[in-house]
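Heads up, the thing below is written out as structure tokens.
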Amino acid sequence: MKKFNFKKVLDGLTSSSAPPAKPETEITETLGSEHFQVSKTVRHGFPYQPTAMAYDPVQHILAIGCKSGSIRLFGRPGVDCHVMHDNDAAVLQLIFLVNEGALVSVCSDDSLHLWNLRQKRPAILHSLKYNRERITYCHLPFQSKWLYIGTERGNVHIANIESFVLSGYVINWNKAIELSQRTHPGPVVSLSDNPTDSTKLLIGFETGMIVQWDLKTKTAECRYACEQQTLHSLAWHHEGKQFMCSHSDGSLSVWNYRSPSKPAQVFQPHGHPAQKGSKPEACRPIMKVAWPTSRTGDPFIVFSDGLPYERSGRRPCITVMQGKSVTVLEMEYPVVNFLPVSSTPWPNDFQDPYAIIVLLENDLVVIDLTTPGYPCFQNPYPMDLHESPVTCCTYYADCPPEMIPAFYTVGSRQQKKTGFSDKNWPVKGGEWGTSTCSYPEIIITGHADGSLKFWDASAVTLQLLYKLRTSKIFEKQPLNQSTEYEEDPFAIVKIAMCCESRILCVAGTSGHVIVYRYNKVETTVDVPTLEIALVYEVDDLDSPDTDQIPPPMPPPSSSVGSAGSGGMPSPSPHHSTSSEGAEKVGSPLLKVKSGPQKMVPGYQVDLCAQLVTVEGEPPSQILCLAINSLYGLMAFGNMQGLAIVDIIQKTTLLNLGTPDLYGSADPYTRTQPRSPQRKKPPAGLGDLGEAQAVEQERCRSPTTERDESNGVCLSPTGTTRKKLADIKRNRNQPRPRMSKAHSTASMEGNGGDADSKDGSFSRSRSSSMSSLENVSAEGINCLSFTESYTRKTGPSKSRHRRPSKEQQHVTPAFFPTPTTYMVTPEHSEAFEHHKRKVHQTLSLDPVTSPCLWVGTTLGSVLVIVLNLPPQGDQRLTQPVIVSPSGTILRLKGAILAMSFLDCNGMTIPPLFAKWEDPKKKEENREAKDGQSMQRRGWQQLQHLHRQKAPSSPTTETISDRQFVVICSEKQAKVISLPSQTCAYKLNITETSFVCKADVVSIANSVCLACFLANGHIMTFSLPSLRPLLDSDFLPLADMRIAQTFSFSNCGQALYLCTPSEIQRITLAADTCESLQEMLCELFLPVDTPEGPKQSFFKGLFSSPSIVDKEELFGEAASGKASRSVAKHIPGTGGIEGVKAEAGSAMAEVQKARMALVERGEKLSELEERTEALKVGSEMYASSAHQVMEKYKNKKWYQL
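Structure below.
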């Protein structure tokens, strides 16, 4: 039975009798669905797990295929293109149609694809899918339209490259081998035509059998048998009289093609010659060999590996032999493939190689063959992105334009690597796009070795600007390091930067946070450090319903835990402190170097805050990080609590466990830790009423060294290194081990808790508060400094258009100011000033003040008030007072993002202090003071602007002046301030959860952008939360995507798609429209170099006759191939796709025409029937008239 709600009836009567007045001003939302379109823009980095490579010597384009089915195409620096097959089959081989603007890819699913490179977004023209046989090797001769396809069964098929149709000409393995041979020769591993006679095809089988096939006579002309040696590759001499083979025993064999009986030469380049009666030295296989010739000297012999097995520890290598010179070039990673680079594409001409492109598993190396010593070219591509594994990314679009030159200036001074070739990069094809973005973009990547890289990401390029190593300030051997942190103790987990002031904060996996300031001059300073104990543990946790706001808790009158109204006892508060007999906190995991340290120009350390171990347990990983340059404050949180640090005075302002931030209004019923009996109840932030707090401030001793009850230090003269034993453990119960799995920033994908942060993406996560009985911790997941309203006012007249049905009034709990302050006599005047500010803040007057909004992993949002001294010298000497406001908001799931909007619906930017050159500070002191006054005046104007609200003639209540947008894993809410009413609410998802969310600017407006675990990207208008976009973009395959996904302004975003590649995307439709002009050109019209000229007599007596391949492989000569061998699939990106689309369009037009004809026929039939009915009616009328005329003059009795 439905419960009768009398209150709703009264509300209805009230609303009907007195309808609400329409707001005088409404927020006009300009964004619509037409402003959004999700599209991938460009991919940066090294191709992950490369498997194949090809090079066009005329267009100078390099193609690299990957195991995932993606292909990257590179030209001159800045020319980079990425394409992807429809499936994820690995790319086995790539073949360029030289100077034709086309590429053939061979995939592991036995399919071939022809790509059209003459368009900015390459697309597939044709596909050929084999059904019966597996493709092992393909070969396309220069300027030929017939592709040779070798299979695992040993057969060779021939396909027309223009139509991708198989020819009926097939070279079967049983016809290629000797009739007397009874064994199968194995798969085809190599195909190559004779450079001087294209009718001779050399077929290499895996078992070592080599056959020279005559295409005209369809017979095997010669057979070469390598004795019990597995064959890996073949290479012709340009004269076509000899070829070279590489084998599995590390040997090379040279054969005269007219002497098949035995090889002309067999040798092991790296093996010792065999002695009499002994076996040759065992060497590793030579996987590939190349035999390019030179006009000026002996030919080159280039091959990979082949070193003896006994020489353990040798790296993979490339060997270059020319005459008697043997050069072994060691590589850092295994060799995937290599290609000699020459200036001519003709195989029967001298190649004169000038470089070797070597594709490694994790790098791309190009060797200069024209310089003695064979140095490497310096790679201009951003392929060192994964030099150390990327652990986090931050994207700043539309940043201040002077940042890029500033970073480039200090980055160019860093020590450059020496020993590179001074020649130009040989891969120089393509052309840049015709347009670029109008705003600068910077990407910051954090790495596992503690380094940060700053990249210029403007337009569609990526260039390294500056590299910062955070590990330089620490000792080489970390102290007290647990096993969880042995691999990457310096790994970066969070990055926060103020672009205007250039202050950078970096959080590491060992619980350290480093604050950097940008400086263009070299300095030598001692690194200030702070040691903070931030560990909290509870035994049990019971949570209320999701959206239920805790009832208002009256301030306790005498003691902790006094009963509230209605006889309901207040929840027992929990604290970061413990009994006096608890063990002391330990030391940080990393030790900062002592003494002065030399700081090079760039980012220089200003402060290092470190979390310490507690009872030998490492600190939980940092989940969130925030910085405000104007306030001079930095805050960070983890699964245990929150810390606020004054980066100007180098002191810790707040250090509390998460439950202590609630005070007496804790919405959870937490079990009190069973620790020894306390002599007196500890005083936390939420234990005292406002009157008690003020009274204790008056009675506080001015000689107190520090706050012993809650860890809040307000002394600007306190020591820099503090060991704060704020939070102790329960000694009577076994303590669970805290490890890296407690952090959502870990690369393993585990959240802060097994239930609150599920690392598995195969099932949806329920963030309902009713399902958190097993949660044993609540962490800080989101932080935001701002200047906003911290207290709730009375009933308000909202300025938004129409609130939702749920007008959720958030009742503030009663929180006091901190209980213990250190107030020295010389700071009494400053303290009185701050006390007045505290009373002003705690009053109900709607005045904005600096504050910190804190979001937790269980969906709570708390507000902490920051009382700052005036700017100038007083800021250096007077303390900063931190006090809770009592505001608590609740959402489903962990809080991910918080942003603030003004009364016009635009984002309120955070206040900042503009960066100034330290050299000019003294010279421009007066100007600086004037700017400071102007800044303060600007702030006052902002305050007045925010406080000013139109008055209503029907009410005297105060209007709302701000909106706070809060997004969690499940919900999004827009809260009106200062009334703290829920203006709009949206349940984003029920079956999945939000991984990343942010309020971004796009098309001169703002929206809420969300990336969900099911791969959807969603955007919502603000403040109404109206859905604008829902695109099924990318499934969340692993934690890496969620870890590194980052939204930015102008609708830009990025994520780490592979461990070595960054994928950039855009949500803006206008960017997608201009993307075509921004992308690079891969094909440029270039004349093909002329072939080698031969003398008249040499051409007359030695050159073979030219044979038209169409006569050999055409349908007229060889017939059609069986349809069961392979299936032809037309592509969607070329003329075939256009024809297919045109055909489908014509079919639709024909259907419409047929329907129109049918309708016309039916209308004709209807017209005929209508005419017949008309004629019939006329005849009936005529007959009736005649009858009437006949009987009109007769009497009734005459009828």
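Mind the numbering: the sequence shown is residues 1 to 1199 in the UniProt record's numbering, read in order.
Glycine included, each C-beta is placed from N, C-alpha and C at the ideal position.
Please read all numbers here as calculations on a predicted model, not as lab measurements.
Simplified DSSP assignment, three categories, for residue i
i     : result
G150  : strand
L590  : coil
L1022 : coil
P601  : coil
A1121 : coil
S788  : strand
G663  : helix
P887  : Note that residue 887 is Thr in the sequence shown, not Pro. Residue state, collapsed to three classes: strand.
K1195 : coil
A913  : coil
D547  : Residue placement at D547 is poorly supported in this model, since its pLDDT is 46, which falls under 50; the coordinates still yield a value, given next. DSSP places D547 in coil when its eight states are reduced to three.
H35   : helix
T296  : coil
D352  : coil
P405  : helix
V1180 : Note that residue 1180 is Tyr in the sequence shown here, rather than Val. Looking at Y1180 - three-state DSSP - the assignment turns out to be helix.
N1049 : helix
L876  : helix
T1058 : strand
Rounded C-alpha distance that separates residue i from residue j
i     : j     : result
P667  : T857  : 14 Å
C1050 : Y169  : 57 Å
M599  : M403  : 20 Å
K216  : F338  : 33 Å
D214  : P185  : 18 Å
K1195 : L1173 : 34 Å
E34   : C393  : 29 Å
S251  : S471  : 47 Å
Y254  : Q265  : It is Val, not Tyr, that sits at residue 254 in the sequence shown. Their backbone Cα atoms lie some 5 Å apart in a straight line.
S1182 : E1189 : 11 Å
S1048 : H237  : 55 Å
C283  : V335  : 16 Å
A777  : L656  : 14 Å
Best match in the options for proximity to residue i [C-alpha to C-alpha]
i     : options                   : result
K262  : G306, G208, I286, H237    : G208
S190  : P260, K67, A290           : A290
V328  : G306, D349, S342          : G306
P884  : S899, S253, A665, Q878    : A665
V354  : Y603, I135, V366, C393    : The amino acid at residue 354 is misidentified as Val; the sequence shows Tyr. Taking only the C-alpha atoms, the option nearest Y354 is V366.
C138  : I161, Y333, Q49           : I161
D398  : E500, P195, D88           : E500
K494  : S451, P1092, K1190        : S451
M84   : Y395, F96, A63, G101      : A63
T651  : S1177, A1117, P528, I1065 : P528
L1054 : Y395, N256, S342          : Y395
T183  : V266, E206, V1157         : E206
N1090 : V605, M1188, P285, S343   : According to the sequence as given, residue 1090 is Glu; it is not Asn. Nearest option by C-alpha distance: S343.
G586  : A609, E615, F300, W115    : E615
A997  : T989, A1009, I988         : A1009
P1130 : E100, M383, A123          : A123
P980  : N1004, I1002, Y789        : Position check: residue 980 holds Gln in this sequence, whereas Pro was assumed. Comparing Cα-Cα distances from Q980 to each of N1004, I1002, Y789, the minimum goes to Y789.
Chain C within 9 Å of residue i, Cβ atoms only
i    : result
A609 : The structure shown contains no chain C, having only a single protein chain.
At least 3 beta-carbon pairs within less than 8 Å: the stretch 778-787 vs the stretch 632-651: By the C-beta criterion, the stretch 778-787 is judged to be in contact with the stretch 632-651, since at least 3 inter-stretch pairs fall below 8 Å.
If we require 4 or more residues per run, which alpha helix (DSSP H) segments fall completely within the stretch 446-532? Runs found: none.
Taking three-plus beta-carbon pairs below 8 Å as touching, is the stretch 962-981 in contact with the stretch 871-891? Three or more Cβ pairs drawn from the stretch 962-981 and the stretch 871-891 lie within less than 8 Å of each other, which places the two stretches in contact.
Is the stretch 245-261 touching the stretch 227-235 in the sense that three or more CB pairs, one from each, lie closer than 8 Å? Put simply, the stretch 227-235 touches the stretch 245-261. At least three CB pairs are less than 8 Å apart.
So within the stretch 176-236, which uninterrupted beta strand (DSSP E) runs reach at least 3 residues, ignoring any that extend past its ends? Here the runs fully enclosed are 188-194, 197-205, 209-214, 219-225, 231-236.
So, does the stretch 46-59 touch the stretch 449-469, judging by three or more C-beta pairs under 8 Å? Taking 8 Å as the limit for Cβ pairs, the verdict is that the stretch 449-469 does not touch the stretch 46-59.
Inter-stretch contact at 8 Å, needing at least 3 Cβ pairs: the stretch 365-382 / the stretch 413-420: At 8 Å Cβ cutoff, the stretches touch.
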